Amino acid sequence: MYTQGLNIEAGDKSIPIERDEGERARRFQAKIDAEQRIEPNDWMPEGYRKTLIRQIGQHAHSEIVGMGPEGNWITRAPSLRRKTILLAKVQDECGHGLYLYAAAETLGVSREEMIDQLLAGKAKYSSIFNYPTTTWADVGAIGWLVDGAAIMNQIPLCRCSYGPYARAMVRVCKEESFHQRQGFELMLVLCRGTAEQKRMAQDALNRWWWPVVMMFGPSDADSVHSAQSTRWKIKRVSNDELRQRFIDVTVPQAQFLGLTIPDPELRWDEASGHWRHGPIDWSEFNAVVAGNGPCNAERLRHRRKVHAEGAWVREAALAHAAKRAARTRSAA
Ligand code: FAQ
Numbered sequence: 298m299y300t301q302g303l304n305i306e307a308g309d310k311s312i313p314i315e316r317d318e319g320e321r322a323r324r325f326q327a328k329i330d331a332e333q334r335i336e337p338n339d340w341m342p343e344g345y346r347k348t349l350i351r352q353i354g355q356h357a358h359s360e361i362v363g364m365g366p367e368g369n370w371i372t373r374a375p376s377l378r379r380k381t382i383l384l385a386k387v388q389d390e391c392g393h394g395l396y397l398y399a400a401a402e403t404l405g406v407s408r409e410e411m412i413d414q415l416l417a418g419k420a421k422y423s424s425i426f427n428y429p430t431t432t433w434a435d436v437g438a439i440g441w442l443v444d445g446a447a448i449m450n451q452i453p454l455c456r457c458s459y460g461p462y463a464r465a466m467v468r469v470c471k472e473e474s475f476h477q478r479q480g481f482e483l484m485l486v487l488c489r490g491t492a493e494q495k496r497m498a499q500d501a502l503n504r505w506w507w508p509v510v511m512m513f514g515p516s517d518a519d520s521v522h523s524a525q526s527t528r529w530k531i532k533r534v535s536n537d538e539l540r541q542r543f544i545d546v547t548v549p550q551a552q553f554l555g556l557t558i559p560d561p562e563l564r565w566d567e568a569s570g571h572w573r574h575g576p577i578d579w580s581e582f583n584a585v586v587a588g589n590g591p592c593n594a595e596r597l598r599h600r601r602k603v604h605a606e607g608a609w610v611r612e613a614a615l616a617h618a619a620k621r622a623a624r625t626r627s628a629a
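Residue numbers (the working numbering): 298 to 629.
Structure follows, in structure tokens:
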């Protein structure tokens, strides 16, 4: 695994071994407070390591499972241009998953373990990927809204205290920005097209809006990990604040498209300078996260199928690597 070159047990050499855990923890927090990055071989509290493995693992799984809903439309894209754009985008999401698995591996967990957990239904991934893509406009809505929300969440992660995660996010955000623009442009073409195309775009917005608003996670009052993750500077901006930022940026975009956000209570609040939204149906979010969304079973079934079908590729790659290693050894 990627961590082979790492010395996870070594800890921070600057701290004499006899110093107690409390002193190590104080030094660790002081480093974070001073905006210094934590790197794989640095000493870190077990809770910090576990939190990062949980979050980066969930993030990686989201990218991989997230290839499915749009991948579903590659063969039916309406033109060669749209097909190449969509192929590139879905491939990018796969790449994001790989950077993230590699970042998680620096914390001492292997990619195989993480994937086994996903396939066993024990690992979480983003709620948003449990909704179906029923029309071509859904590809536009995902790029515009889902990638738009992902960027909003990931920009602050570029300043996360853990070096490998923060660095992976820089490239991911650049690519997500292209994804968001292609989605918005697709929606723009539909909205400037026939009445039927515009209806299709509105229908996609109606179905994706609330699931996207929920993507940012539970409200701050119900977010169990936020307080600690904020102290550790893994999280820089709260769930509700990011949700609000996303809504403030997206409402004018919907207006530009001539589309209506499906929230009758949405209103501009002059005093605060924010768009105020109606109540979020958290029972839907909880059901989807618990595995009972419209496509949870289908997504896992698909991942298990493609994992089994890809077994020969993994075996061939390992055999090739072993052959090369043997050749290098005999040449030495
Ligand atoms: N879905 O205490 P918090 C993308 C869980 S990438 C499912 O607030 P935290 C790119 C949470 O895990 C999208 N579960 O937790 C793309 C926790 O459960 P646990 C993924 C959710 O970690 C585009 C519990 O609720 N992005 O879209 C969700 O402090 C197009 C309590 O929540 C990331 O993963 C949810 N939406 O904050 C790909 C970004 N929200 O673990 C393909 C990195 C919360 O205790 C196509 N992650 N939960 O069992 C994060 O920033 C954070 O983990 C949050 C949650 C903000 C998601």
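Glycine is no exception: its CB is placed at the ideal position from the N, C-alpha and C atoms. Bear in mind that the values here come from a model prediction, so they are computed numbers and not experimental data.
Distances from the CB of Asn583 to the heavy atoms of the ligand FAQ are all 7 Å or more. Within the model, the alpha-carbon separation for Ala616 versus Ala622 is close to 10 Å. Taking C-beta separations shorter than 8 Å and ignoring five residues to either side along the sequence, the partners of Ser535 in its chain run Asp517, Ser520, Ser523, Thr527, following chain order. Gly365 is a Cβ neighbour of Arg596, given a cutoff of 8 Å. Taken in chain order, the complete alpha helix (DSSP H) segments of 4 residues or longer contained in the stretch 320-372 are 343-362, 364-368. Within the chosen limit of 7 Å, the ligand FAQ reaches the beta carbon of Gln352 through at least one heavy atom.
Taking C-beta separations shorter than 8 Å and ignoring five residues to either side along the sequence, the partners of Phe426 in its chain run Ser359, Val362, Gly363, Gly365, Pro366, Cys592, Arg596, following chain order. Approximately 5 Å separates the beta-carbon atoms of Cys455 and Val467; this is inside 8 Å, confirming the contact. Collapsing the DSSP output to three states places Arg456 in coil. Counting the other CB atoms within 10 Å of its CB gives Gln477 a total of 16 or more, which places it among the buried residues. By the Cβ criterion, the stretch 482-496 is not in contact with the stretch 417-424, since fewer than three pairs of Cβ atoms, one from each stretch, lie closer than 8 Å. The stretch 540-591 is shown to contain whole beta strand (DSSP E) runs of 3 or more residues at 564-566, 571-573, in chain order. Annotated three-state conformation of Gly418 is coil, per DSSP. Looking at His356, Pro375, Gln355, Leu383, the one whose alpha-carbon comes closest to that of Gly368 is Leu383.
Residue environment for Asp317: exposed (fewer than 16 other C-beta atoms within 10 angstroms of its C-beta). Excluding sequence positions up to five before and after Val436, its CB lies within less than 6 Å of the CB of Glu367, Trp370, all in the same chain and listed in chain order. Between Trp433 and Pro508 the beta-carbon gap is near 18 Å, outside 8 Å, which marks them as no contact. In this structure, the alpha-carbon of Ala401 lies about 20 Å from that of His604. Here the distance from the Cβ of Gln388 to the nearest heavy atom of the ligand FAQ is not below 7 Å. By the neighbour-count criterion, in which a residue is buried when 16 or more other Cβ atoms sit within 10 angstroms of its Cβ, Glu320 is exposed.
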